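Residue numbering for the sequence shown follows numbering that gives the first Met the number 0, beginning at 0 and increasing consecutively.
This report concerns only the one structure given below.
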Amino acid sequence: MTSTSPGSLPPDASPPDHSPSRKTPPPHSRPLPKDKASAFTRAGALWSSLIVGFLILILLLVFIAQNTSATAFTFLGWHWTLPLGVAILLAAVVGGLITVAVGTARIIQLRRAAKKNLTAGFR
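In structure tokens:
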């Protein structure tokens, strides 16, 4: 193994070519920069959401079709029968509606507080 002084090249290495005659690679071989606008769009998000929503809907329909046995329910003195799949779907929908109602109330509460703080800051 041969030692070289700092700044010098080993005998088998060629010096880098810094001459102005060096050609740049053709433009088609360079990777194209990503366009920021095409990375994420609202239309793309909408289509993705629709696809996911339809897949979930198909799974729900299959679940309901496979769980058609009638089940008895009792709630606060009321008695009725429903297919099990429909009952579970209704429970999920009611749970979602309750979540939306609570979230809406909280958003309204936060907006009122923010508006109150904003008007107090101008005084």
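Glycine included, each C-beta is placed from N, C-alpha and C at the ideal position.
Since we're looking at a predicted model, the values are computed, not measured.
For residue i, count the other beta carbons within 10 Å of its own beta carbon; 16 or more makes it buried, fewer makes it exposed. Which is it?
i, result
"Gly84", "buried"
In whole angstroms, what separates the C-alpha of residue i from that of residue j?
i, j, result
"Leu54", "Ser47", "11 angstroms"
"Leu109", "Gly94", "23 angstroms"
"Ile106", "Leu89", "26 angstroms"
"Ala38", "Gly76", "56 angstroms"
"Gly43", "Leu56", "20 angstroms"
"Phe72", "Thr80", "6 angstroms"
"Ala86", "Ala112", "39 angstroms"
By the DSSP assignment, the beta strand (DSSP E) with residue i in it spans what residues?
i, result
"Thr70", "69 to 74"
If you drop the 5 nearest sequence neighbours on each side, which residues of the same chain put their C-beta closer than 8 angstroms to that of residue i?
i, result
"Gln65", "Gly84"
"Thr67", "Pro82, Leu83, Gly84"
Could you give the residue range of the alpha helix (DSSP H) that holds residue i?
i, result
"Thr40", "Where Thr40 is concerned, there is no enclosing alpha helix (DSSP H), given that its DSSP letter is neither H nor E."
"Arg105", "83 to 121"
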